[in-house]
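Residue numbers (our numbering), protein chains in the order written: chain L, 1 to 345; chain Y, 1 to 323.
Don't be surprised by glycine CBs; every beta carbon is placed ideally from N, CA and C.
None of these values were measured; they are calculated from a predicted model.
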Amino acid sequence: MNADLEKLQESNKTELERRGSIINTGAPVTEAITIRDHIAVGFGDGTVRFFQSGSEPKVVKAHKGVVFSMARNGDHVLTGGEDGRFLKISSEGDIDEIANFGSRWVDYVASYKDFKVCSSGNTVHIWSKSKEKINSLEHQSTVGGLTFDNKGKRLAVSRYGGVTVWKQNNNKWTSSNYSWKGSHGKVTFSPDGRYLVSSMQENQIHGWRINDKADLAMSGYPAKIKSFTWVGDTPYLVTSGSSDAVCWPFDGKEGPMGRKPVCVANGGKELATFVKVLDGENAVFTGFSDGSVLLSEIDESKKPIRIRNSTGSEVTAIAVSSNREQVLIGDLQGNILLSSLWADN
Amino acid sequence: MENTSQVPVTVLTGFLGAGKTTLLNRILTEQHGRKYAVIVNEFGEQGIDNDLVVDADEEVFEMNNGCICCTVRGDLIRILSGLMKRADKLDAIIVETTGLADPAPVAQTFFVDQDVADRTKLDAIVTVADAVHLSSQLTEHHEAEEQIAFADVILLNKVDLVDESGLDRVKDRIKKINPFAKIINTTRCSAPLDEVVGLNAFSLDRILEVEPDFLESDHDHEHDDDVTSLSFVSDTPLDMDKFQDWFGNLLRTKGQDILRSKGILNFKGEEERYVFQGVHMLMDASPMGPWPKGKDRSSRVVFIGRDLDNMNLKEGFDNCKSA
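Take a look at the structure:
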């Protein structure tokens with residue numbers, strides 16, 4: 001490559017690409033989560049890599065096949081995989097097998113304090129402090145998503161026909177059903193616990209107000225919603241699945257009922273595939289189907305900042321370290337950008 | 001639907017005892033140098049142990065799109081999406097269905113889910129049939145009829161256990177339901193794997209290559225529940241607007257009874273051939289290049305389904321001819 005071309009390519013890089021490191025792992029990135037000053041990333045080749053600024057990533061051969069789901073459990077990461085294993089892994093690479101379901105995949109995992117939870121098929125399995133499983137919760141169809149609320153009192157389990165919310169008190173689990181026709185996937189509670197939202201097989205998300213089960217239908221998307229994140233104090237539920245990051249306001253008594261969403265981070269022809277809050281700010285990272293990433297405030301009048309250029313592969317994970325210094329972006333072809341968010345003074 | 005990076009998916013149907021497991025075991029153990037993932041049902045005939053075997057639940061979901069027969073396999077969407085996250089690329093995926101399964105939701109999954117359609121493609125529906133028992137199964141279970149009706153390839157297994165006249169009888173029965181499927185006689189499912197996997201039978205351009213013997217299509221049947229087929233040919237160019245009106249309305253109103261439809265169309269004023277194929281109400285259609293020089297331009301359509309005689313198909317098709 002001649003020097004001019006090199007210079008030109010360098011000048012086309014984003015600020016974060018210039019100061020960060022770019023690696024290709026060759027395996028699809030499936031998920032990324034933050035564990036203190038590490039960012040743990042799961043891959044389609046069964047590895048979990050722990051990234052930390054200034055040092056080589058620690059590569060842990062965790063699963064045979066795809067790492068489907070990850071959750072933070074204290075200093076550890078919980079993973080579920082194609083090999084049917086539910087694992088607890090330390091950032092040093094020590095692996096503790098919590099359970100093995102054989103040819104049944106472990107699709108989703110979740111954690112709250114001592115609770116370690118995974119789903120395999122129709123069943124949600126729960127462990128607490130001891131090594132013994134403390135409970136198994138059955139559902140009418142395969143589990144499509146799992147999440148605890150912010151207080152760890154309720155566990156939402158999505159499935160065909162709606163979401164089952166399990167309340168626990170001293171490991172006594174009682175359920176209530178939030179129904180809506182269709183198949184439900186990824187699920188989340190609003191930060192204040194008043195709303196429950198799931199993404200659906202159809203190109204829409206569905207919400208319920210917890211106390212009266214009032215329905216909120218949020219539709220009009222050109223694609224399935226694979227990712228959402230809560231942003232700011234309002235708060236907004238920011239969603240992928242469109243050429244913009246679509247931000248639904250959840251303030252007031254009625255939340256987004258009868259209101260229009262705010263649309264930021266326009267990707268032109270590209271569809272948003274992954275969204276992630278920048279904690280503590282009213283701002284969101286939006287990753288697109290071509291690998292590019294924009295950072296924008298939830299304000300239609302503000303111009304977004306280009307964080308990453310196109311790689312030709314859809315963004316599948318974004319994570320920010322807990323000190324908010326590092327951001328990691330991964331895509332379906334295994335390209336990783338790890339960079340500091342702020343310029344050195 | 002023509003993206004080369006899409007992983008082909010073969011759907012394997014067939015009644016209990018027909019020999020599906022024998023075929024699956026061959027696919028998993030033979031030294032073919034390819035990487036095949038196999039999605040099996042937990043009610044399958046016997047356990048198969050292999051890293052590339054995935055257990056499924058056959059969860060049939062109704063879509064919320066107002067189309068009553070639009071059901072999909074929810075578990076298949078989840079599993080195919082999961083397999084597409086693998087670091088090593090699969091050469092093909094085989095989906096086994098239970099003996100009593102309707103193949104339609106499986107096929108429809110590939111029309112309805114965008115992620116599935118982007119990364120995988122329906123290759124063919126292969127039905128394993130038991131030469132000894134098929135006739136009685138067809139009489140007793142409408143699922144058996146559906147599995148024959150949907151098939152692109154039928155492995156007629158255990159042919160060593162029937163005599164020649166018995167074999168002819170069972171083949172006649174198959175052809176009455178589906179004259180367009182390729183029938184392969186086997187014992188112990190011993191057909192070459194490349195006649196089972198990688199057929200591209202659902203690819204629209206493949207429809208052009210298959211020259212079904214339209215004239216042999218006969219349709220005398222014993223009772224109304226029977227699945228039959230009807231086909232029509234026209235040398236007069238068709239009027240595109242009229243055809244779209246008729247065909248769209250037909251699928252909307254009778255799509256539940258029309259299991260499969262296929263066709264090559266010659267529209268008046270169009271230089272290109274139009275090709276379509278449908279599963280119940282869902283359809284994929286596209287122009288497929290100019291007509292070959294020196295060959296007759298004729299439109300051909302095929303329907304496989306129930307109660308076809310009461311749909312005025314011939315009249316409807318004839319009305320589409322341009323004046």
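Determine the DSSP secondary structure at Val116(Y), reduced to helix, strand or coil.
-> helix
In chain L, which residues lie less than 7 Å from Arg86(Y) when you measure between Cβ atoms?
-> Gly44, Gly65 and Val66
With DSSP as the reference, please indicate the residues paired to Ser55(L) in a beta bridge.
-> Gln52(L)
Which residue from Thr34(L), Tyr236(L) and Trp105(L) puts its Cα closest to that of Gln326(L)?
-> Thr34(L)
Between the CA atoms of Ser179(L) and Val197(L) - distance to the nearest angstrom | 12 Å
Which residues of chain Y have a Cβ atom closer than 7 Å to the Cβ of Pro28(L), listed in chain order?
-> Lys85 and Ala87
Who are Arg85(L)'s beta bridge partners in DSSP?
-> Asn100(L)
What residue range is occupied by the uninterrupted beta strand (DSSP E) comprising Val165(L)?
-> Arg154 to Asn169
Can Val153(Y) and Val128(Y) be called in contact, C-beta distance under 7 Å?
-> no
CA-to-CA distance, Val29(L) to Gln333(L), given in whole angstroms | 7 Å
The segment 57–82 of chain Y: which residues have C-beta closer than 9 Å to a C-beta of chain L, in chain order?
-> Asp57, Glu59, Phe61, Glu62, Met63, Asn64, Asn65, Val72, Gly74, Asp75, Ile77, Arg78, Ile79 and Gly82
For Ala85(Y), count neighbouring Cβ atoms within 10 angstroms of its own Cβ and tell me buried if that reaches 16, exposed if not.
-> Here residue 85(Y) turns out to be Lys, not Ala, going by the sequence shown. The residue in question, Lys85(Y), is buried, as its Cβ has 16 or more Cβ neighbours within 10 Å.
Would you mind stating whether Ala37(Y) and Leu83(Y) have Cβ atoms separated by less than 7 Å?
-> yes
Over what stretch of residues does the beta strand (DSSP E) that includes Glu325(L) continue unbroken?
-> No beta strand (DSSP E) contains Glu325(L), which DSSP labels as neither H nor E.
Locate the alpha helix (DSSP H) running through Ile27(Y), then write down its first and last residues.
-> Lys20 to Thr29
How far does the beta strand (DSSP E) with Ser175(L) in it reach, from first residue to last?
-> Lys172 to Phe189
Got a sec, what are the start and stop residues for the beta strand (DSSP E) Phe150(Y) sits in?
-> It is not in any beta strand (DSSP E) - Phe150(Y) instead sits in the alpha helix (DSSP H) that spans His142 to Phe150.
Whose Cβ in chain L lies nearer than 8 Å to the Cβ of Asp115(Y)?
-> Lys224
Val106(Y) CB to nearest chain L CB: under 7 Å?
-> no
Within 7 Å, strictly: CB atoms of His125(L) and Ser141(L) = no
Give the range of the beta strand (DSSP E) segment to which Arg36(L) is assigned.
-> Neither: Arg36(L) is in no beta strand (DSSP E) and is coded neither H nor E.
Are the C-beta atoms of Tyr160(L) and some chain Y residue less than 7 Å apart?
-> yes
Classify Ser339(L) as helix, strand or coil using the three-state DSSP reduction.
-> strand
For Val165(L) versus Ser176(L), is the C-beta distance shorter than 7 Å?
-> yes
Mind pulling the alpha helix (DSSP H) runs of 4 or more residues that sit fully within the segment 150–178 of chain Y?
-> 164–177
Leaving out the 5 sequence neighbours to the left and right, which residues in its chain are closer than 6 Å to Gly207(L) when beta-carbon positions are compared?
-> Tyr195, Val197 and Leu216
Rounded C-beta distance between Asn329(Y) and Ser299(Y)? I'm assuming under 8 Å.
-> The displayed coordinates of chain Y run from 1 to 323. Any statement about residue 329(Y) would go beyond what the structure contains.
Looking at C-alpha atoms only, which residue of Asp114(L), Val117(L) and Ala40(L) is the closest neighbour of Ile89(L)?
-> Ala40(L)
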